[in-house]
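I have placed the structure first, in the form of structure tokens, so that the comments after it can refer back to it.
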Amino acid sequence: MKPISFKLSSVILSALLAFSSTSSLISVADDDTTTKTNVIIHFDLSEPGITIAPDEDGNPQTIEDIEIPPYNAVRLPEAIPAKEGFVFNGWTADGIEGFTADSAFLVETDDVTLTPVWSDPDDENYYDVVYKVEYADGTVLDTSKDLRTKSYRSGEFVTVSGLTYRHNDYSRSQLGWLCEGKEYRGEQKIIVTDHDLLLTPSWHRFFNLTFTPGDVDRIVGATTQTFERLEGTATETAASDRFSRNGFKIIGWICDDGDVFYKPLSMYTMPSKDVTMTAVWEPIEYTIVFNPGNKNQDDFIKIKGATDTSIVVPDINITNPGYYFDGWEYEGVVYKPGEEFFIKGAMSGRGISLKAVWIKGTAPTTQPPTDPDAVYGDATGNGEVKMNDAVLIMQVCANSDIYSINEENLVNADCYNPGSGITNMDAIAIQKLLINVVPSLPLYE
């Protein structure tokens, strides 16, 4: 198995090196590894003539295998192997990348064997390590002042430069260095073998990462935002407040590259193409406040409801001497108790509150609905309102055993405060109509 330390930046590596205990583990993944088999890091010291140097105080030391959970990092032992006539430079798992003693080492899921890397101080053969920055048009950048060619013996470690360059046409940027087909980041180690090494920039192109609210209504402010990101680099998805939509909140993003859902501020690796992230919205649940207009919070009525749903408007629960309650006002519209209030959402950070409307005086009498098919006052049912209609009503009221009005005309006859029943007041209402005291029937008083 190859170690995965090349995934770490030099900043993270420096942080890992700050841990002082050889057995200290550094978790680098959020995955649940409790059910996975631990990884064994084995140190191969089977080569003849290897000993372990004592510590600074002369105490003997040992190098033992290390067992850690998958996708974790550990500091390699501080103890130094020794071999007569050779210099110990560090450890390697593949003969290509080196790790010095006491450096951070990461594992994946497979066991790994590390072998010591030696160099011969008497070796007179040296190999050059050369950096070459060449642009797509063939132009070669002079890097001799910053990246000088150096020579090394076989087995010695080359520390990869942390310098990076921007392409001359600004279409791409450098993340690290390529050496014999492998990418290295700053501070990683390459083992010199029996030939010169050439390091060239690992160019990565820029692509657009676009965030959009989607085809939805009630968007306030910006509708799209686009950022340039380097392919292969890690970035964060936008926060939940990237866009503002009245009555809704962002719970995540759908990426058009595979229709994958990402939570806000989750890590995302930029692919080698433009990508669009579309917001996933969820209705906000509000506490709708009905404010009676006084300062007593106990009198406030509160009802929960989500955006694009309706609630039933409540009745007032207090009185206001000298005034009558006329409904609840919201954005210039008065809602009566029993009516539906549609929650269309509020601007971000704002709630929804309706305030009581109080009118000075006494509330007017509520008039029941009239029958649109009735001819009020026509007690006889002949299609006209005449004095004989008033006479018939008075006769019925005086002697109902002799006089009557059929059921079809009872609605017509009940022309004074309809619903109150047939009385002499209905006859009087007809007479008021006939002498033009009232313009029409029914009459409400």
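With my numbering applied, the sequence shown covers 537 to 981.
We put the beta carbon where it would ideally sit given N, CA and C, even for glycine.
Cα-Cα separation, residue i to residue j
i	j	result
Asp647	Asp664	34 Å
Ile727	Arg684	18 Å
Ala672	Lys681	22 Å
Ser557	Lys619	Confidence in Ser557 is poor, its pLDDT being 31 and thus under 50, which makes the residue's placement too unreliable to answer from.
Ile966	Leu946	14 Å
Asn960	Glu944	19 Å
Val564	Phe624	Its pLDDT being 38, under 50, Val564 is placed unreliably in this model, and the coordinates cannot settle the point.
Pro606	Ser707	38 Å
Asp730	Thr736	19 Å
Val610	Thr645	14 Å
Trp817	Pro857	46 Å
Ile964	Asp925	11 Å
Met883	Asp835	26 Å
Tyr804	Gly788	13 Å
Ala892	Tyr822	19 Å
Gly783	Thr769	35 Å
Ser560	Thr628	Residue placement at Ser560 cannot be trusted, given a pLDDT of 33 that sits under 50; what the coordinates show is reported in the next sentence. Rounded to the nearest angstrom, the two C-alpha atoms are 20 Å apart.
Val973	Leu979	11 Å
Glu600	Leu581	10 Å
Gly841	Gly712	54 Å
Val927	Thr906	23 Å
Lys896	Phe826	20 Å
Asp962	Asp851	34 Å
Gly829	Thr748	41 Å
Gly868	Ala899	21 Å
Asn953	Gly750	57 Å
Glu592	Val653	22 Å
Ala615	Gly674	48 Å
Ile798	Thr812	The sequence given here has Tyr at residue 798, not Ile. About 12 Å.
Tyr662	His740	32 Å
Tyr859	Trp894	6 Å
Asp567	Asn608	Any answer about Asp567 is weak, because its pLDDT of 43 lies below 50 and its placement is not dependable; what the coordinates show is given next. One C-alpha to the other measures close to 10 Å.
Leu642	Leu650	12 Å
Ile929	Ile879	51 Å
Boundaries (first-last residue) of the alpha helix (DSSP H) holding residue i
i	result
Gln967	960-970
Cys951	Neither: Cys951 is in no alpha helix (DSSP H) and is coded neither H nor E.
Gln931	923-934
Strand pairing of residue i, partner residues [DSSP]
i	result
Gly788	Val816
Leu744	Residue identity check: residue 744 is Asn in the sequence provided, not Leu. DSSP, once it has assigned bridges, lists Glu764 as partnering Asn744.
Glu670	Val676
Thr587	Ala618
His578	Thr649
Ala770	Thr805
Arg702	Ser709
Gly841	Tyr822
Arg781	Ile755, Phe784
Thr736	Leu714
Val696	None, per the DSSP bridge assignment.
Glu876	Val848
Ser977	Per the sequence shown, the amino acid found at residue 977 is Leu instead of Ser. In DSSP, Leu977 forms no bridge with anything.
Delimiting residues of the beta strand (DSSP E) encompassing residue i
i	result
Ile604	602-604
Gln710	708-715
Asn608	608-611
Asn827	821-827
Ala882	Ala882 -> no beta strand (DSSP E), and no H or E assigned at all.
Ser680	Ser680 -> no beta strand (DSSP E), and no H or E assigned at all.
Asp982	Since the first residue of the chain shown is 537 and the last is 981, residue 982 is not available in this structure.
Ile726	725-727
Leu890	889-896
Tyr720	718-720
Ser846	846-848
Phe797	796-798
Any non-hydrogen atom of the ligand GTP closer than 6 Å to residue i Cβ
i	result
Gly634	Ligands displayed in this structure: none; no statement on the ligand GTP is therefore possible.
Supposed contact pair residue j and residue i - C-beta distance, whole angstroms, cut 8 Å
i	j	result
Gly881	Arg778	That pair is no contact at about 18 Å.
Ile577	Pro617	15 Å between Cβ atoms; not a contact.
Glu982	Ser738	There is no way to answer for residue 982, as the model of the chain reaches only from 537 to 981.
Thr519	Thr762	Any answer about residue 519 is impossible in this case: the structure gives the chain only from 537 up to 981.
Lys785	Ile824	Going by Cβ atoms, the distance from Lys785 to Ile824 rounds to 17 Å, so no, they are not a contact pair.
Thr845	Met806	That belief does not hold up - the Cβ atoms of Thr845 and Met806 are roughly 39 Å apart, past 8 Å.
Val756	Ser780	4 Å
Gly913	Cys951	5 Å
(message) Quick check for students: name the residue ranges of the beta strand (DSSP E) that lie wholly in the region 625-660, counting only runs of 3 or more.
(response) 633-635, 640-642, 648-655
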